[in-house]
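Per the working numbering, the sequence shown starts with residue 16, numbered consecutively.
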Amino acid sequence: MPRQSLARTLYEPRVRGALAQVLLVVALLLAGIEITGNVVQNLRSQNIASGFDFLGRTAGFEISQRPIDFSATDSYGRAFVVGLLNTLLVAALGIVLATVLGFAVGIARLSSNWLVSRLALAFVEIVRNMPPLLTLFIVYFAVLKGLPGPRQSIALPFGSYLNVRGLYLPAPVWLEGSWTLLAGLALGLGAAVVVVRRARARRDATGRPFPAATAALGLVAGVPLLLFLAAGAPVGIDYPELKGFNFAGGLALQPEFVALLAGLTVYTAAFIAEIVRAGITGVPKGQKEAAAALGLAPGQAMRLVVLPQAMRIIIPPLTNQYLNLTKNSSLAVAIGYPDLVSVFAGTVLNNTNQAIECILITMSVYLVLSIATSLAMNAFNARMALVER
């Protein structure tokens with residue numbers, strides 16, 4: 016009887032499932048112990064000390080594009096910060112630009128103009144079916160490397176220039192009292208938030224609309240401008256000038272940065288365009304007809320009726336594209352842009368032989384960035400969700 020009872024117990028699905036999980040955990044622990052032992056033995060045989068003390072040692076190399084001061088005498092830890100900031104810069108700008116371009120192309124896909132819709136369709140189908148690395152190579156080698164030299168630079172508006180060595184833009188020079196501009200921007204943003212909330216409450220209570228967007232834009236732009244002028248315009252402009260064989264002054268964006276940003280923007284925008292198109296077509300046709308019956312123009316109907324409802328469909332897959340763009344920025348190593356992977360998991364790893372530590376830190380950074388992006392988009396999605404009354 017005890018044997019039969021034990022046999023019946025082992026044949027129960029819950030018991031067998033629990034037993035399988037225990038065996039799997041034990042197998043993973045044994046595999047982890049074996050791998051750790053091999054790693055420790057290999058490090059000892061090659062006289063490599065494990066740990067993170069190497070971050071305080073002198074780097075001994077330069078970084079071409081750096082958002083903060085960096086020289087060969089700085090530490091590996093500062094080199095990590097430079098690579099991280101370069102990655103964050105490309106990811107943040109890429110997300111903004113890809114969103115704007117993707118929404119524009121996605122709306123154009125549904126345009127009643129035959130030529131506009133077909134051009135948008137061609138853009139999506141061509142770019143979306145190319146590998147992202149090939150897109151970067153096309154932008155970098157076929158477009159930017161074919162630009163003229165500094166003496167034959169292409170003159171752009173606002174005193175900017177474009178040539179094979181990069182994009183040169185006017186740079187602000189912060190003088191004494193320039194803090195008033197930041198203070199005005201903070202005040203304008205605060206006032207804009209108050210205006211938008213009160214306009215929303217008034218609309219919900221009375222049904223009367225208020226041009227909150229126009230008022231908010233006026234506050235954000237007007238308050239800093241007034242304080243800026245009242246303080247005597249304490250900000251100068253440093254324009255790039257051709258001196259010898261290259262430009263001096265201004266803000267220089269190297270071709271590697273421009274190529275990476277443009278390539279990631281174009282590639283991601285093609286996917287975002289399809290997400291936007293699917294979201295708009297997912298809105299019931301009756302909503303568009305109701306908007307037209309109320310006398311709304313097509314543009315007003317799209318902005319006030321269709322897009323707010325489509326956002327509930329667009330946001331979840333849009334999060335995936337933001338994550339992909341951030342991770343695809345690691346392709347910068349192929350064109351020489353000093354991002355986190357190129358600087359830390361490349362140059363620093365090769366100089367220190369601290370492969371485990373470098374890879375572990377790099378993986379942790381991308382994990383934190385992905386989780387932060389997901390949390391922010393989930394919070395935004397919760398705000399856009401339908402609320403039952």
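For every residue, glycine included, the Cβ atom is placed at its ideal position computed from N, Cα and C.
Start and end residues, beta strand (DSSP E) containing Ile-350: Position 335 of the sequence shown, counted from the first residue, corresponds to residue 350. Ile-350 -> no beta strand (DSSP E), and no H or E assigned at all.
Sheet register partners of Trp-189 (DSSP bridge): Start at 1 with the first residue of the sequence shown, and residue 189 comes out as number 174. Trp-189 pairs with Val-250.
Three-state secondary structure (DSSP) of Ser-90: As a first step, residue 90 must be located in the sequence shown, where it is residue number 75. If DSSP states are grouped into helix, strand and coil, Ser-90 belongs with the strands.
Thr-388 beta carbon less than 8 Å from that of Tyr-337: For the purposes of this step, residue 337 is taken as residue 322 along the sequence shown, with counting starting at 1. For the purposes of this step, residue 388 is taken as residue 373 along the sequence shown, with counting starting at 1. Yes.
Straight-line gap, Ala-137 to Ala-231 (C-alpha atoms, nearest Å): As a working note, residue 137 is residue 122 in the sequence shown. As a working note, residue 231 is residue 216 in the sequence shown. Cα to Cα, the separation comes out at about 37 Å.
Ala-220 Cβ short of 7 Å to the ligand ADP heavy atom set: As for the ligand ADP, it is missing from this structure, which has no ligand bound.
C-alpha gap between Val-363 and Cys-373, whole angstroms: The residue labelled residue 363 in the question sits at position 348 within the sequence shown. The residue labelled residue 373 in the question sits at position 358 within the sequence shown. So the two alpha carbons sit approximately 8 Å from each other.
Three-state secondary structure (DSSP) of Asn-343: By 1-based counting over the sequence shown, the position of residue 343 is 328. DSSP places Asn-343 in helix when its eight states are reduced to three.
Residue environment, Gly-109, which counts as buried when at least 16 other CB atoms sit within 10 Å: Locating residue 109 in the sequence shown gives position 94, where the first residue counts as 1. Buried, because 16 or more other Cβ atoms sit within 10 Å of the Cβ of Gly-109.
Integer-rounded CB distance, given that Pro-353 should sit under 8 Å from Ser-79: In the sequence shown, residue 79 corresponds to position 64, counting from 1. In the sequence shown, residue 353 corresponds to position 338, counting from 1. About 6 Å separates the two Cβ atoms, so the contact holds.
Span separating the alpha-carbon of Pro-187 from that of Ala-135: For the purposes of this step, residue 187 is taken as residue 172 along the sequence shown, with counting starting at 1. For the purposes of this step, residue 135 is taken as residue 120 along the sequence shown, with counting starting at 1. Approximately 36 Å between the Cα atoms of the pair.
Residue burial classification, Arg-166 (beta-carbon count within 10 angstroms, cutoff 16): Mapped onto the sequence shown, residue 166 falls at position 151. Per the 10 Å Cβ criterion, exposed.
Proximity winner among Thr-283, Val-210 and Gly-301, relative to Lys-342 (alpha-carbon distances): In the sequence shown, counting from the first residue as 1, residue 342 sits at position 327. Among Thr-283, Val-210 and Gly-301, the Cα nearest to that of Lys-342 is on Thr-283.
Assigned secondary structure, Phe-262 (DSSP; H/G/I helix, E/B strand, else coil): As a first step, residue 262 must be located in the sequence shown, where it is residue number 247. Phe-262 falls in the strand class under three-state DSSP.
Where Leu-89 falls, given that 16 or more other Cβ within 10 Å makes a residue buried: Numbered from 1 along the sequence shown, position 74 holds the residue referred to as residue 89. Rather than Leu, the amino acid found at residue 89 in this sequence is Asp. Looking at its Cβ environment, which holds 16 or more other Cβ atoms inside 10 Å, Asp-89 is buried.
Integer-rounded CB distance, given that Ala-74 should sit under 8 Å from Tyr-91: The sequence position of residue 91 within the sequence shown is 76, counting from 1. The sequence position of residue 74 within the sequence shown is 59, counting from 1. Contact holds; Cβ gap of about 5 Å.
Cβ pair Ile-295, Asn-396 closer than 8 Å: Residue numbering aside, residue 295 sits at position 280 when the sequence shown is read from its first letter. Residue numbering aside, residue 396 sits at position 381 when the sequence shown is read from its first letter. It is not a contact, given that the beta carbons lie outside the stated cut-off.
Range covered by the alpha helix (DSSP H) that runs through Asn-57: Numbered from 1 along the sequence shown, position 42 holds the residue referred to as residue 57. Counting along the chain, the alpha helix (DSSP H) containing Asn-57 begins and ends at 28-60.
Distance, Thr-221 Cα to Leu-384 Cα: As a first step, residue 384 is located in the sequence shown; it is residue number 369 there, counting from the start. As a first step, residue 221 is located in the sequence shown; it is residue number 206 there, counting from the start. Rounded to whole angstroms, Leu-384 to Thr-221 spans 43 Å at the Cα level.
Local conformation of Gly-109 per DSSP, three classes: For the purposes of this step, residue 109 is identified with residue 94 of the sequence shown, where counting begins at 1. Note: Gly-109 maps to helix in three-state DSSP.
Strand pairing of Ile-169, partner residues [DSSP]: Counting from one through the sequence shown, the residue named residue 169 turns up at place 154. The partner list for Ile-169 (beta bridge, DSSP) reads Leu-177.
Nearest-angstrom Cα separation, counted from Phe-243 out to Leu-266: Mapped onto the sequence shown, residue 266 falls at position 251. Mapped onto the sequence shown, residue 243 falls at position 228. When rounded, the distance between both Cα atoms is 22 Å.
Simplified DSSP state of Glu-271, which is helix, strand or coil: Mapped onto the sequence shown, residue 271 falls at position 256. Helix at Glu-271.
Sheet register partners of Glu-304 (DSSP bridge): For the purposes of this step, residue 304 is identified with residue 289 of the sequence shown, where counting begins at 1. Answer is none; Glu-304 lacks a bridge partner.
Inter-residue spacing [alpha-carbon to alpha-carbon] between Pro-299 and Leu-104: Numbered from 1 along the sequence shown, position 284 holds the residue referred to as residue 299. Numbered from 1 along the sequence shown, position 89 holds the residue referred to as residue 104. Roughly 39 Å between the two C-alpha positions.
Proximity of Leu-159 and Val-281 at Cβ, strictly below 8 Å: Residue 159 sits at position 144 when you count from the first residue of the sequence shown. Residue 281 sits at position 266 when you count from the first residue of the sequence shown. In this structure, Val-281 does not lie closer than 8 Å to Leu-159 by Cβ.
C-alpha gap between Thr-150 and Val-142, whole angstroms: Here the question's residue 150 lines up with position 135 in the sequence shown. Here the question's residue 142 lines up with position 127 in the sequence shown. Taking the straight line joining both Cα atoms gives about 8 Å.
Neighbourhood of Gln-302 by C-beta distance below 7 Å, restricted to the same chain and skipping five residues each side: Taking the sequence shown and counting its residues from 1, one reaches residue 302 at position 287. These residues qualify, in order along the chain: Val-320, Val-321 and Gln-324.
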